[in-house]
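Just below is one structure, and these are the notes that go with it.
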Amino acid sequence: MGSLPLLVCISVALAALPCYYAAVSFIASTSEVVQHTPAQLGAALFYGAVLAVWLGVEAGLFSQRLQPKYEPVEDVTSSDELDSEDARALQPASGADDGIANSNKHAPDAFVSRSHLPALRAAAEFVLIMGYIYLCDRTTLIPKGPKELSKERFWALNLLILLAGIISMRPSSTQVDTHFKPMQRDQTEEWKGWMQIMFILYHYFAEAEIYNAIRLYIAAYVFLTGFGNFSYYYIKQDFTLVRFAQMMWRLNFFVFFVCATMNNEYMLYYICPMHTFFTWGVYVTLWAGNQLNSSNAFLLFKMGVLMVITLVLYGFKSVFDGVFGPAVALLGFHDPLHPEFSDALHEWYFRSHLDHLVWIFGMLCAFCFPWADRQLQRIDELPTTLRFAAKAGVAAAVLLLGSHWYVNTFVLPKREYNKFHPYTSWIPILCYLVLRNLSNSMRRYSMHLFSWCGKVTLETYILQFHIWMKTTGINGSPKHLMVWVPGFYWLNFALTSAVFLFVSYRVFQVTVVLRDACISKDPASLGRGTVAMVVIIGLFYAAGMALHSMLAPSSPPLSTTSGAT
């Protein structure tokens, strides 16, 4: 970037800051929260810096494109016509040609290049999304309304979505063999997708009657965490920090900034710490002695040890508190709707205990996957009559098992059901796996609508709190609906849902772009990049603390929305 584009870059960046300040001041004037935390102020400063840098670089590179390109001029003077002194006078100094060319050509230099633009644009888009989240859930600009309890609406909507999913059914495009393996990516995404749709509609319609089913869906998500991570590490044997850092980024990048922006605790979005913890469990288990992972006996031994450790960890509350007590600042939760829970780790224990075994079952299923695939292939190769009889026998067995679980466990009241859930959730999951994969045709096809939704489950889970519904305030649950069009329920539902899904998809895309930009595939660069990110976070938090101390004397006491603490 030459001198003029650089000057344009700096000028536009500086000019953007007052505009950003005006926008933030307007949002703050409509905020239901009067005084903000150092983390929120630091995040606001960081967002302003990101927008300023992005606008400046866009303007600088645009002005660079407008500059005339350097075109070398032909030497019309013959050197024979000049004496040696004149020739030396016309001869440019060593490197001068390169300097002229570099100052006029449109090639990037070390300061900034066009290759940085995708990451800068993604970062700027992310900042705007964070502003939209705060605008929706922490200001009075967008009204809120009560949830309308309607069992008929809930089930009718789910039926319509199911019909749309069936219409979107398509065959797998990733396999050319006549035998289709079970649990392909499209199928697992489909599974996550339809469960996620029911999960968020359960919140939207406050359909408390399906509480037990929702608990089961969450167990299935945790099962897939164990299954998917075990499959990857077992097959790829890739225990590099790069891969692990990418997974941690996927699980925690978005929720980190949401917590900082909204002043919510990490455990409000309990799915994120749960999957993070269980991912760590799978990684450490397979990493330990990974040179011996080719031994089935050794793998089973490690999973057995893991099972014992998990049972001790959750079987004795004193052990649980001793292990997680040092992390109470991260895993503690103070629920404004349930102040009777004085133990800050109560929420973490309750949530993780419900599914503390099913992720190990997921690992076991992944371990048995090659064997199960061979059995399915053998069944598919049987003569028609025998094949039908074998499949009917397997289906009858799992249906009998599932029926027994349903009658004796699933129909229990939720508090009673929760007592059995950690030890029985594997039963319906196993039944679903067998029935969904028993037929080669069923393994071949998946519902694309649900597969698409399954890719953005993390984003829809977090964003439902703030841009589809509205919470009760800091650490609050989504107890209200966001109302754009008062008096028109379905129109409001359609508009807010469309924006909700669009923003969820964009957050997913932005997360991937920024992950690739911030997490280097070179281990040495990964370490330097991690240190740089920690330093930047620390600097902006320190700036937020300084700004907070400057504003504190003139600020009234903390005031939040109803239900906040």
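FYI, the numbering for the sequence shown is -15 to -1, 1 to 550, going by mature numbering (1 follows the signal peptide of the UniProt record, and there is no 0).
Using N, Cα and C, we set each Cβ at its ideal position, and we do this for glycine too.
Between VAL(-8) and ALA34, the CB-CB gap reaches or exceeds 7 Å. Under the three-state reduction of DSSP, HIS465 is assigned to strand. Secondary-structure assignment with DSSP links PRO131 through a beta bridge to HIS465. Taking every protein chain shown into account, the CB of ILE151 has fewer than 16 other CB atoms within 10 angstroms, so this residue is exposed. Around the beta carbon of ALA381, a 10 Å sphere encloses fewer than 16 other beta carbons of the protein chains shown; the residue is thus reported as exposed. Beyond the five residues adjoining it in sequence on each side, PHE305 comes within less than 8 Å, by CB distance, of LEU298, TYR299, LEU330, TYR334 in the same chain, given in chain order. Here LEU443 is buried. Its C-beta has 16 or more other C-beta atoms within 10 Å.
Distance from the CA atom of TYR474 to the CA atom of ARG228, rounded to whole angstroms, is 45 Å.
Beta-bridge partners of THR124 (DSSP): SER16. In the structure shown, PRO23 falls within a helical segment according to DSSP collapsed to helix, strand and coil.
DSSP, reduced to helix, strand and coil, places TYR430 within a strand of the structure shown. Distance between TRP356 and ARG500, taken at the CA atoms: about 35 Å. Between MET432 and SER157, the gap from beta carbon to beta carbon reaches 7 Å or more.
A check of alpha carbon separations from LEU2 across LEU(-12), LEU30, SER(-13) identifies LEU30 as the nearest.
Taking the Cα of ALA28 as reference, the smallest distance to any Cα among PHE47, ARG99, MET467, TYR119 is reached at TYR119.
The continuous beta strand (DSSP E) containing MET154 extends over residues 154 to 156. Between the region 163 to 176 and the region 106 to 123 there are fewer than three C-beta pairs closer than 8 Å, too few to call the two in contact. Assignment of alpha helix (DSSP H) within the region 183 to 253, counting only whole runs of 4 or more residues, yields 196 to 221, 226 to 247 in chain order.
C-alpha of ALA502 to C-alpha of VAL520: approximately 17 Å in a straight line.
Judged by DSSP in its simplified three-state form, MET115 adopts helix. According to the DSSP assignment, VAL520 belongs to the alpha helix (DSSP H) that extends over 508 to 536. When the alpha-carbon of TYR430 is set against those of ARG50, VAL9, THR163, the nearest one is in THR163. Per the C-alpha coordinates, the member of HIS188, ASN214, LEU105 positioned closest to LYS132 is HIS188. A Cβ-Cβ separation of about 6 Å places THR295 in contact with HIS341 under the 8 Å criterion. Annotation for GLN494: the continuous alpha helix (DSSP H) segment containing it runs 474 to 503.
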